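Worksheet: the structure to be examined is printed underneath.
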Amino acid sequence: MATGEVCPDANDAIGVREAWAAAWVIRFPNAREAKPSLKEQTMSYHFQDGGTELPEESLGDRATQVGSTKHFTGRLVIGDDAGRRLGVESHLETKAALLLSTRSDTLSLVEQVRFEWFDADGEIHDHYIDLVVARADGVKIGYAVRPWARVSARYLEELSRIKEQSIAAGALDDFRVFTESDVCPLELHNAKLFHSVRRPDVFADPVVRDVLQNMAGVFTVDAVVEATGLDGMAFRAVARLIRSGHLALVCPERITRKTRIFKALEISHG
Numbered sequence: 151m152a153t154g155e156v157c158p159d160a161n162d163a164i165g166v167r168e169a170w171a172a173a174w175v176i177r178f179p180n181a182r183e184a185k186p187s188l189k190e191q192t193m194s195y196h197f198q199d200g201g202t203e204l205p206e207e208s209l210g211d212r213a214t215q216v217g218s219t220k221h222f223t224g225r226l227v228i229g230d231d232a233g234r235r236l237g238v239e240s241h242l243e244t245k246a247a248l249l250l251s252t253r254s255d256t257l258s259l260v261e262q263v264r265f266e267w268f269d270a271d272g273e274i275h276d277h278y279i280d281l282v283v284a285r286a287d288g289v290k291i292g293y294a295v296r297p298w299a300r301v302s303a304r305y306l307e308e309l310s311r312i313k314e315q316s317i318a319a320g321a322l323d324d325f326r327v328f329t330e331s332d333v334c335p336l337e338l339h340n341a342k343l344f345h346s347v348r349r350p351d352v353f354a355d356p357v358v359r360d361v362l363q364n365m366a367g368v369f370t371v372d373a374v375v376e377a378t379g380l381d382g383m384a385f386r387a388v389a390r391l392i393r394s395g396h397l398a399l400v401c402p403e404r405i406t407r408k409t410r411i412f413k414a415l416e417i418s419h420g
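Under this note's numbering, the residues of the sequence shown are numbered 151 to 420, in order.
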């Protein structure tokens, strides 16, 4: 259906449904043979030509709840570019996912990973590991996310058995309990920032990289921003370089324009 063409009235011979079907075929000529998947379609993205790809499906072995009247549930999109969907079933899981996914040494993060284990009687059970991180150094760590008030001696005993068996099987290198005490407010604040600016900027990122070629020692985020003249675009580009480990903070703090940073890794030209 051409742009500006009026959609036929429901009483027309072709009918509304047929009109939309015809429009689909015009947009996707091979639609009758195989309609494009959600991944193959794009959504409009107001500041990027050609739209943006939809995120990949979750890699979890169990679908997380979409909604609940008793506890928090939700979905995140993690990773660079289009990213990947990740389901969470508690507010604490959301915090854990944000923290773990935005660390510079994290290669991948997958939720609800199934592992078969056996109890003292030899009975086989399925355990779904809340979060599994694959790090850049090759280490794979599983996390059982639970508030400390719900961590009982029996629960720890069960996890200890699962940990021993998962490491022996080569499924994990370590298995840890993640509670609210593992959430650092400063790190969480910065993780939310990293998550919000994860999409690269094809204009600002190269400019910031070029400016950093002429900077040495300790300097502020604001110094980089001012040198580029790109204001918020430059701030987000600097945040991406901090997240990737190319820039580092002098002191642990909430990242602002006053934050002092230095080059931790070599930064190539844009």
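Think of the CB as a built atom: it goes at the ideal place given N, C-alpha and C, for glycine as much as any other residue. It should be emphasised that the depicted structure is a prediction, and the values quoted were computed from it without experimental measurement.
Helix, strand or coil: which one does DSSP assign to residue i?
| i | result |
| --- | --- |
| Lys-290 | strand |
| Ala-303 | helix |
| Val-371 | helix |
| Ala-389 | helix |
| Gly-229 | coil |
| Glu-206 | strand |
| Pro-402 | coil |
Determine the direct distance from the alpha carbon of residue j to that of residue i, and round the result to whole angstroms.
| i | j | result |
| --- | --- | --- |
| Arg-285 | Met-365 | 30 angstroms |
| Asp-269 | Glu-307 | 11 angstroms |
| Asp-324 | Ala-377 | 44 angstroms |
| Pro-335 | Thr-244 | 14 angstroms |
| Ser-218 | Phe-369 | 47 angstroms |
| Arg-225 | Gly-210 | 12 angstroms |
| Thr-256 | Val-283 | 7 angstroms |
| Glu-403 | Lys-342 | 13 angstroms |
| Pro-350 | Ala-246 | 23 angstroms |
| Tyr-305 | Gln-262 | 17 angstroms |
| Leu-360 | His-419 | Sequence inspection shows Asp at residue 360; the Leu mentioned does not correspond to that position. Taking the straight line from one Cα to the other gives about 5 angstroms. |
| Arg-348 | Asp-355 | 12 angstroms |
| Ala-299 | Lys-413 | 41 angstroms |
| His-339 | His-345 | 10 angstroms |
| Glu-330 | His-221 | 16 angstroms |
| Ala-303 | Phe-353 | 54 angstroms |
| Ser-258 | Gly-272 | 33 angstroms |
| Val-371 | Leu-362 | 11 angstroms |
| Arg-234 | Glu-203 | 11 angstroms |
| Pro-205 | Val-227 | 7 angstroms |
Which residues mark the beginning and the end of the beta strand (DSSP E) in which residue i is found?
| i | result |
| --- | --- |
| His-275 | 274-285 |
| Leu-397 | 397-399 |
| Lys-413 | 410-413 |
Keeping to the same chain, check which residues put their C-beta closer than 7 angstroms to that of residue i; ignore five residues upstream and five downstream.
| i | result |
| --- | --- |
| Val-327 | Ala-294, Arg-296, Val-301 and Leu-309 |
| Glu-337 | Leu-249 |
| Lys-313 | Phe-325 |
| Ser-254 | Arg-393, Ser-394 and Gly-395 |
| Ala-387 | Asp-351, Ala-354, Asp-355 and Val-358 |
I'd like the list of long-range same chain contacts for residue i, defined as Cβ closer than 8 angstroms, with 5 residues on each side in sequence excluded.
| i | result |
| --- | --- |
| Leu-399 | Ile-392, Ile-405, Thr-409, Arg-410 and Ile-411 |
| Asp-381 | Val-375 |
| Leu-242 | Val-295, Arg-296, Pro-297, Phe-328, Thr-329, Glu-330 and Val-333 |
* To do: With a floor of 3 residues, list each beta strand (DSSP E) that falls wholly inside the stretch 306-365, ordered by position along the chain.
  => 324-328
* Report the residue ranges of all alpha helix (DSSP H) runs contained in full by the stretch 211-267; include only those spanning at least 4 residues, in chain order. => 241-251
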